[in-house]
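Quick note on numbering: the sequence shown equals residues 208 to 536 in this note's numbering.
Yeah, the Cβ is synthetic: ideal placement off N, Cα and C, and Gly gets one too.
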Amino acid sequence: MEPATVIGLVTALFETFADGHEDYSSWKRKRASGNHYHGRGLASPPCALSTLLLISGPQIKDTYDKAVQALGTDFSTGDAWCRSTLWSQLNILSDRVAILHRAAGASVSVALDLADAVQVCEGVRRASLRALIDQYSRLAVGRPIPKALAVPKPNLTPHRLVQSTDINLSRDDDRMTMITAITASTDQLRFQSEPPSPPPTPKVPEQTTDEPGPSRRPANSVFALFCPEALGLQVNTKKKIPATAECNCGYSWKHLLTDSKDALRLKEGFQLTVRFLVKSHHSKDGYGCVLCTSSGKSEKYDGIEQLRDHINASHTKWQLLHDTDCRAS
Numbered sequence: 208m209e210p211a212t213v214i215g216l217v218t219a220l221f222e223t224f225a226d227g228h229e230d231y232s233s234w235k236r237k238r239a240s241g242n243h244y245h246g247r248g249l250a251s252p253p254c255a256l257s258t259l260l261l262i263s264g265p266q267i268k269d270t271y272d273k274a275v276q277a278l279g280t281d282f283s284t285g286d287a288w289c290r291s292t293l294w295s296q297l298n299i300l301s302d303r304v305a306i307l308h309r310a311a312g313a314s315v316s317v318a319l320d321l322a323d324a325v326q327v328c329e330g331v332r333r334a335s336l337r338a339l340i341d342q343y344s345r346l347a348v349g350r351p352i353p354k355a356l357a358v359p360k361p362n363l364t365p366h367r368l369v370q371s372t373d374i375n376l377s378r379d380d381d382r383m384t385m386i387t388a389i390t391a392s393t394d395q396l397r398f399q400s401e402p403p404s405p406p407p408t409p410k411v412p413e414q415t416t417d418e419p420g421p422s423r424r425p426a427n428s429v430f431a432l433f434c435p436e437a438l439g440l441q442v443n444t445k446k447k448i449p450a451t452a453e454c455n456c457g458y459s460w461k462h463l464l465t466d467s468k469d470a471l472r473l474k475e476g477f478q479l480t481v482r483f484l485v486k487s488h489h490s491k492d493g494y495g496c497v498l499c500t501s502s503g504k505s506e507k508y509d510g511i512e513q514l515r516d517h518i519n520a521s522h523t524k525w526q527l528l529h530d531t532d533c534r535a536s
């Protein structure tokens, strides 16, 4: 028997969608338990039908609630055209949910035509929302209330909210491949509010490099710390130390060949090679730590001893292993 009011039909639609979601979830769990290749402890990913059954009922009810708040009991009773439309959609949905219910309770696994189920549920959702909005438009004529009724977004948790989700369902003997997009609102039922203003454009730094010179380096990068000659050795691991004994910045590596080996010795049997020191220098007497560049920052160190002490205190054996210029003795 057809319910006498719109509120009765909306409530029935809400409950039927909820029952359908419960039955479909039960069917999916049963299928997953019978799949020998299904990973243990892995939840079934969301799909088009599950999302539709989950969002449609609350969306229809929220739309009804907004209209009743504006129009009162006239809308909850409704007119014949709206009641007839909602009644026909309820019958269509009930037939589809009955199939889901039988499949969920079957002792033997039953295949479902998921593409048809998605099409039916989406059609019921759209037609029901349209019936409510059309009735709102008819009853709002001549009244001092908003003429347009916005369709609310479904109130879901962030990981379940699907605005435009590509759903992949694989179909072999008992599975189907389908790519579909589920949108919370349709082209015909758009929100009436204006789009939000775009965020302000970030300011562009006036200067992103050092003063003009023969070798320009980005001033906002950790690599700006190092001498250009040192950067060349960092980038190209096969590049050899220049034959000249002194860099353009005044740094000299000739004395490194005769310095005490103790100054070059690191923990865990590693030692600083001449190439490591050359690629780490930033000025005549200063060094940066190339092992720190991955973190986006590096301090300056005056002399080999300070650099050695920093590496021994701050870096692990595994970091030293990944730098070919930290040779193990």
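{"Check": "Taking its Cβ as the centre, do 16 or more other Cβ atoms sit within 10 Å of Gly227, making it buried, or is it exposed?", "Outcome": "buried"}
{"Check": "Tell me which same chain residues have a C-beta within less than 6 Å of the C-beta of Thr523, skipping the five on either side of it?", "Outcome": "none"}
{"Check": "Excluding the five sequence neighbours on either side, which residues of its own chain have a C-beta within less than 6 Å of the C-beta of Cys328, listed in chain order?", "Outcome": "Leu259"}
{"Check": "For the putative contact between Asp530 and Gly510, defined by C-beta atoms under 8 Å, what is the C-beta separation to the nearest angstrom?", "Outcome": "20 Å between Cβ atoms; not a contact."}
{"Check": "With DSSP run on the structure shown, which of helix, strand or coil describes Arg345?", "Outcome": "helix"}
{"Check": "Is there contact between the region 211-230 and the region 264-278, where contact requires at least three CB pairs shorter than 8 Å?", "Outcome": "yes"}
{"Check": "Tell me the residue span of the beta strand (DSSP E) that contains Lys507.", "Outcome": "507-509"}
{"Check": "In chain order, what residues of the same chain have a beta carbon less than 6 Å from the beta carbon of Leu300, not counting five sequence neighbours either side?", "Outcome": "Thr223, Val331"}
{"Check": "Going by CA-CA distance only, name the one from Tyr231, Phe477, Leu432 that's closest to Cys150.", "Outcome": "The requested residue 150 is not part of the displayed model; the chain covers only 208 to 536."}
{"Check": "Strictly under 8 Å for the Cβ-Cβ distance: is Ala431 near chain D by that measure?", "Outcome": "Of the protein chains in this structure there is only one, and it is not chain D."}
{"Check": "Near Asp532, what residues of its chain come up, given a Cβ to Cβ distance below 6 Å and the 5 sequence neighbours on each side ignored?", "Outcome": "Thr480, Arg482, Phe483"}
{"Check": "What residues are listed by DSSP as bridge partners for Gly495?", "Outcome": "Lys507"}
{"Check": "Considering only the beta carbon of each residue, do Val358 and Leu336 sit closer than 8 Å?", "Outcome": "yes"}
{"Check": "Relative to the C-alpha of Leu473, which candidate in Asn519, Leu321, Trp525 has its C-alpha closest?", "Outcome": "Asn519"}
{"Check": "With the cut-off set at 8 Å, would you say Lys507 and His489 are in Cβ contact?", "Outcome": "yes"}
{"Check": "Any idea if Glu436 is buried or exposed, counting beta-carbon neighbours within 10 angstroms, 16 or more meaning buried?", "Outcome": "buried"}
{"Check": "Roughly how many angstroms separate the alpha carbons of Val315 and Arg236, rounded to a whole number?", "Outcome": "13 Å"}
{"Check": "Helix, strand or coil for His228 per DSSP?", "Outcome": "helix"}
{"Check": "Helix, strand or coil for Arg350? Go by DSSP, reduced to three states.", "Outcome": "coil"}
{"Check": "If I'm right that Leu293 touches Leu220 with Cβ under 8 Å, what's the distance once you round it to whole angstroms?", "Outcome": "7 Å"}
{"Check": "Do Leu297 and Asp230 come within 8 Å of each other at the CB atom, strictly closer than that value?", "Outcome": "no"}
{"Check": "Which complete alpha helix (DSSP H) runs does the region 255-287 hold, if anything under 4 residues is left out?", "Outcome": "255-278, 280-284"}
{"Check": "Looking only at DSSP bridge pairs, what is Ser459 linked to?", "Outcome": "Glu453"}
{"Check": "Within 10 Å of its beta-carbon, does Ala211 have 16 or more other beta-carbons around it, so buried, or fewer, so exposed?", "Outcome": "exposed"}
{"Check": "How is the beta strand (DSSP E) around Leu528 delimited, first residue to last?", "Outcome": "Leu528 -> not in any beta strand (DSSP E); alpha helix (DSSP H) instead, spanning 524-528."}
{"Check": "Along the chain, where does the alpha helix (DSSP H) containing Phe483 start, and where does it finish?", "Outcome": "481-487"}
{"Check": "So Cys289 and Ala338 are supposed to be a Cβ contact under 8 Å. How far apart are they, rounded?", "Outcome": "5 Å"}
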